[in-house]
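*Asks:* My questions will all concern the structure given below.
Residue numbers (my numbering): 6 to 237.
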């Protein structure tokens, strides 16, 4: 299929109920068709990975076509320039998080983009930095603690950003890093405690939100067990 054929397929999968409900989740519907996410994923599985098709679909500026790109593109072929271009086009948490979760965190450029995008001002570019870090924390099973520990100051610096999608991204990233290992859990807990005592209201919210998650009994038991295993 070419891009036009794929868009035609998406139009056939659309329904007014899905389109009408998007606003409730903070997703702009002016460039959307109204296709459920499950059907987008199913279409992606049928089409298979295709870097060129993903690039063409992104340029249609259609919400569902861009969602589909996350399931179509080939991580090894994604370039830093492409990541910047797509990230600058993010206009909702849904596009941002889906692309980071299913594509960008699998590229070799991910940690570099986290560092770069945290310095950007645009709401969804900055959200992209922390969504990407959270996805790396969840999916990357081979990287050691050091690259994640180096990201902690980036998180702390952004913890004063009062924009809803940024502060939630900051919390998501810190919670994700804190669940990776006993060492990162301790460092994350110390940071969250500092934030929870801050005079800044946003920092306090982030700190308390993170502490509620990483001090859950199940999390504490898991890391206690890991420490016992490490001690032999």
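Glycine included, every Cβ here is placed at the ideal spot set by N, Cα and C.
These numbers were taken from a predicted model, which means no experiment stands behind them.
Give the secondary structure of residue 19 by DSSP, where H, G and I count as helix, E and B as strand, and everything else as coil.
*Replies:* Residue state, collapsed to three classes: coil.
*Asks:* At 4 residues or longer, what runs of the alpha helix (DSSP H) sit wholly inside the region 143 to 185?
*Replies:* Entirely contained in the region 143 to 185, the alpha helix (DSSP H) runs reaching 4 residues are, in chain order, 150 to 163, 169 to 183.
*Asks:* Which same chain residues, not among the five before or five after residue 180, have their C-beta less than 7 Å away from its C-beta?
*Replies:* Here the set comprises 215, 218, 219.
*Asks:* Have a look at residue 110 and residue 203 and give me their C-alpha separation to the nearest angstrom.
*Replies:* Going by the C-alpha atoms only, they are around 31 Å apart.
*Asks:* Short of 6 Å in beta carbon distance, which residues of its chain neighbour residue 42, apart from the five on each side in sequence? Order them along the chain.
*Replies:* Once the five neighbours on either side are set aside, residue 42 has no close Cβ partner at all.
*Asks:* So residue 132 packs on residue 106, CB below 8 Å; how close in whole Å?
*Replies:* The pair is not a contact, with the Cβ atoms about 13 Å apart (cut-off 8 Å).
*Asks:* So, for residue 67: in the same chain, excluding its five sequence neighbours on each side, which residues have a beta-carbon less than 8 Å away from its beta-carbon?
*Replies:* Here the set comprises 12, 15, 36, 37, 38.
*Asks:* Helix, strand or coil for residue 229 per DSSP?
*Replies:* Helix, per DSSP.
*Asks:* Nearest-angstrom Cα distance between residue 60 and residue 104?
*Replies:* Distance between the alpha carbons of residue 60 and residue 104 is about 13 Å.
*Asks:* Are the CB atoms of residue 118 and residue 159 within a distance shorter than 8 Å?
*Replies:* Taking 8 Å as the Cβ cut-off, residue 159 and residue 118 do not qualify as a contacting pair.
*Asks:* Specify, as a first and last residue, the run of the alpha helix (DSSP H) that residue 3 falls within.
*Replies:* Not covered by the structure: residue 3. The range shown for the chain is 6 to 237.
*Asks:* Considering only their Cβ atoms, is the gap separating residue 164 from residue 175 smaller than 8 Å?
*Replies:* The answer is yes: Cβ separation under 8 Å.
*Asks:* Using CA coordinates, which residue listed in 88, 19, 235, 64 is at the minimum distance from residue 137?
*Replies:* Closest option to residue 137, Cα to Cα, is 88.
*Asks:* Between residue 168 and residue 128, is the Cβ-Cβ spacing less than 8 Å?
*Replies:* In this structure, residue 128 lies closer than 8 Å to residue 168 by Cβ.
*Asks:* Which same chain residues, not among the five before or five after residue 144, have their C-beta less than 7 Å away from its C-beta?
*Replies:* Only 110 meet the Cβ criterion.
*Asks:* Taking 8 Å as the cut-off, decide whether the C-beta atoms of residue 79 and residue 54 are in contact.
*Replies:* A contact, by the Cβ cut-off of 8 Å.
*Asks:* Between which residues of its own chain and residue 140 is the CB-CB distance below 7 Å, once the five residues before and five after are set aside?
*Replies:* Hits under 7 Å: 105, 106, 110.
*Asks:* Take residue 115 and list the residues in its own chain whose beta-carbon comes closer than 7 Å to its own, dropping the five residues that flank it on each side.
*Replies:* Cβ within range, chain order: 109, 137, 141.
*Asks:* Does residue 6 pass the burial test, meaning 16 or more other C-beta atoms within 10 Å, or should it be called exposed?
*Replies:* The residue in question, residue 6, is exposed, as its Cβ has fewer than 16 Cβ neighbours within 10 Å.
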